[in-house]
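Worksheet: the structure to be examined is printed underneath.
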Amino acid sequence: MSKVYFMIAVICIFLLIFLCVADYALFSYKCALIKRALDFAVDAAAMEVTTSPMDVPGISTEMRDETQKTPSYTNVRIDSGKSQTAFWNTFESNTGILRGAAEENAMIVTTCCTNTGIEYSFKKGASAISGNVDKPEDMESAINSAIASLFPNPVDKQVIKVNGNIKTTQFKERPMFMVFLKNWQINGLFTKREATFIAFKGAKLERPPEQQ
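The opening residue of the sequence shown carries number 0 in numbering that gives the first Met the number 0; numbering runs sequentially from there.
Here it is as structure tokens:
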């Protein structure tokens, strides 16, 4: 009889291991799906650019400094309304997650290079923070300050690293669109876990063909 109980125990252990592996595999699959969807959605949002004072739909005309022959992104802005609509529509179409369900978990960041530095805007639901930093590498500190303000939970403090170092900063002197999706609940087979995601992209600006 003891052998029977032993075999039952062994089977239960293997079954539990299998269920745990399957549960985590489902969690990992859903995480990968959301990560890819965020990348696609951020790409779509970063294309919604406007050059003040004239709005340009979609990808804007690239401005060039004719003396330096290099791209100039000064005062080229990402359209706040259009970019957020593009982001959430693309994200929903790839995940089925509605804007209303995720908006309070997401902080959206947009930047603009100006003559006085880098302007930034952070938005989370109805809350918004805006300001200015001197250099792109200063954005990391500004982002983490905004996270602490907009997600004020000291037990679950989140600090992100954007810059490897000053020479390899991921933020550039161009319009950027970033999404920080914090503590999004993902259901496995029988457990619920939370995951945090980050995705960002610089605007793609193209010079149109020479007019004949």
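Quick reminder that beta carbons are idealized off the backbone N, C-alpha and C, glycines included.
Assigned with DSSP and collapsed to three states, Glu118 falls in strand. Considering only Ala101, Val75 and Ile77, the residue with the shortest C-alpha distance to Phe196 is Ala101. The C-beta distance from Val178 to Ile107 rounds to 6 angstroms, short enough to fall under 8 angstroms. Closest option to Ile185, judged by alpha-carbon separation, among Ser1, Lys203 and Cys30: Cys30. DSSP, reduced to helix, strand and coil, places Val158 outside both helices and strands of the structure shown, so it counts as coil. The DSSP assignment places complete beta strand (DSSP E) segments of no fewer than 3 residues inside the region 171-201 at 175-186 and 191-201, in order along the chain. CA-to-CA, the gap between Gly99 and Asp42 works out to about 21 angstroms. About 27 angstroms separates the Cβ atoms of Gly187 and Phe86, ruling out a contact at the 8 angstroms cut-off. Closest option to Glu172, judged by alpha-carbon separation, among Asn93, Cys112 and Ser1: Cys112. Annotation for Ile96: no alpha helix (DSSP H) segment contains it, and DSSP assigns it neither H nor E. In the DSSP assignment, Met46 falls outside any beta strand (DSSP E), carrying neither H nor E. For Asn131, the enclosing beta strand (DSSP E) starts and ends at Ser126 to Val132. Counting along the chain, no alpha helix (DSSP H) covers Glu103, and no H or E run does either. Non-local beta-carbon contacts of Ala145 in its own chain, meaning distances under 6 angstroms to residues more than five positions away in sequence, involve Phe121 and Ile128 in chain order.
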